[in-house]
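S.K.:
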Amino acid sequence: MSVKYPSRRHYRPNLQPVPYQELPFAARMPGSPRVHCWQVPPADDYRQAYLLGREYAGHFIQYVQDNPDVPKHTLLARIAGDVDFSAEGPEQGYWAGFFALIEQVLIFPIDIFG
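If you read the sequence shown in my numbering, its first letter stands for residue 1, the second for the next number, and so on.
(1) Buried or exposed for R54, please, with buried defined as at least 16 other CB atoms from any protein chain shown within 10 angstroms of its CB.
(2) Is R28 helix, strand or coil by DSSP?
(3) Could you check whether the segment 27-35 touches the segment 55-72, counting it as contact only if at least three pairs of C-beta atoms, one from each stretch, sit closer than 8 Å?
(4) Is the beta carbon of W38 less than 8 Å from the beta carbon of I79?
(5) In chain order, what residues of the same chain have a beta carbon less than 6 Å from the beta carbon of V35, not counting five sequence neighbours either side?
(6) Measure the beta-carbon distance from A96 to Y50 and round it to whole angstroms, keeping in mind my assumption that it falls under 8 Å.
(7) Which class does V83 belong to by DSSP, given the choice of helix, strand or coil?
(8) Going by DSSP in three states, V105 sits in which element: helix, strand or coil?
(9) When the distance is taken between beta carbons, is V40 closer than 8 Å to Y94?
(10) Going by DSSP in three states, V40 sits in which element: helix, strand or coil?
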């Protein structure tokens, strides 16, 4: 089974806040009162999952930029809390790619006066 990539999103600044449930990796689970912040499809290939995880991180980063109130809701902590780090196999690629890109962005030099 191949991984299905999320549809491309065209983010536009200064729009009404978008709920985090719109992120491609968030989903409401049947019988659960809250949204599960890390719902990814099964994967057959680690590399594909890794690349898709990076794409998910890109969606998350853009979402945070467009919705500056997100840090008040500790969304990244909720995502990390919902990731099953004990899962073995190709599915590890999703979270590895996601957090690798987040880490790259955090250490990338930012020139706020540039």
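By construction, the Cβ of each residue, glycine as well, lies at the ideal position given by its N, Cα and C atoms.
M.R.: According to the data block:
(1) buried
(2) strand
(3) no
(4) yes
(5) Q21, A26 and R28
(6) 6 Å
(7) coil
(8) helix
(9) yes
(10) coil
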